[in-house]
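Inspection log for the structure reproduced underneath, given as structure tokens.
Numbering (our numbering), first residue to last: 1 to 277.
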């Protein structure tokens, strides 16, 4: 099953993998706001605790990509533990450095732009080639894949991602039909960071069938035990982190702070490390 984005509150439903993106004169920041229907309050899109030990700030506009597209074919292989994934990419060059990477001030992949490949909400795999074989779990599987700049920031465009549900022999506890839910997928932070690569760490996530606003759905980002509310779908930077181990947990919550029903709307704690480098 392929699932394309449902834009809440809009009359048009984008349901085909080949749907074109916004016209070339739209900047991506504006597109992100439409997709998430996030209206920035006067204090900005971040509600921080009064005793916050770090800062979470909205990232400035990044290199924009327009009229991108991403589609995938999945073919289970005979050994039953692997599947072949063949992506079709247009309007976006894999393995190319994003032009604004030197000014972004955060960790950047020397291997360039890539696809973030998230299977069953596990930590993403960075894929630099459009076709590959990957281990998969028995039973039902849910794949989210999206185009990523070289510094791991997602392209938030209606045609820059694909969701694919597929089945393998065996059973699993993974819930399907995610088009029935508002969905949050965790992306960054992940892994190890060197302070020499930048003073800030990217916080990024992907929304499907969900819209953020100050009075509606929000993302609760709990960083080292302190919770921040994010009211706009955008990339953010975490600033002021000390060296060592850190944890981030992302949850899609309603206006009362309850986690919204859906299979992946609580990422659980994700750990990353910041070293001197």
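C-beta: ideal position from N, C-alpha, C; glycine also.
DSSP lists 228, 250 as the beta-bridge partner residues of residue 221. Residue environment analysis places residue 75 among the exposed positions, since fewer than 16 neighbouring C-beta atoms fall within 10 angstroms of its C-beta. Counting the other Cβ atoms within 10 Å of the Cβ of residue 77 gives fewer than 16, which makes it exposed.
Inter-segment contact for the region 216 to 236 and the region 84 to 102 is absent: fewer than three beta-carbon pairs are separated by less than 8 Å.
Residue environment for residue 80: exposed (fewer than 16 other C-beta atoms within 10 angstroms of its C-beta). In this structure, residue 203 lies away from residue 219, with their beta-carbon atoms at least 7 Å apart. Assigned with DSSP and collapsed to three states, residue 196 falls in helix. By the Cβ rule, the region 143 to 161 counts as touching the region 204 to 217, because three or more pairs are nearer than 8 Å. Here residue 75 carries a strand assignment [DSSP, helix/strand/coil].
Its chain contains 195, 274, 275, 276 as the residues whose beta carbon lies nearer than 8 Å to that of residue 243, once the 5 sequence neighbours on both sides are disregarded; these appear in chain order. DSSP, reduced to helix, strand and coil, places residue 234 outside both helices and strands of the structure shown, so it counts as coil. Bridge partners of residue 135 according to DSSP: 82. Within a 10 Å sphere around the beta-carbon of residue 271 sit fewer than 16 other beta-carbons, which makes this residue exposed. Note: residue 205 is bridge-paired with 186 in the DSSP secondary-structure output.
In this model, residue 197 and residue 103 are separated by some 11 Å (Cα to Cα). Close CB contacts of residue 227 within its chain, under the 8 Å cut and outside five residues either way in sequence, are with 49, 220, 221 (chain order).
Residue 179 carries a helical assignment under DSSP once its states are collapsed to helix, strand and coil. In the displayed model, residue 270 falls within a strand according to three-state DSSP. Put simply, the backbone Cα of residue 199 is about 9 Å away from that of residue 107.
Just so you know, the alpha carbons of residue 247 and residue 169 end up roughly 35 Å apart.
Remark: fewer than three beta-carbon pairs, one from each stretch, lie closer than 8 Å, so the region 129 to 145 and the region 50 to 64 are not flagged as touching. Assignment of residue 145 by DSSP, reduced to helix, strand and coil, places it in the strand class.
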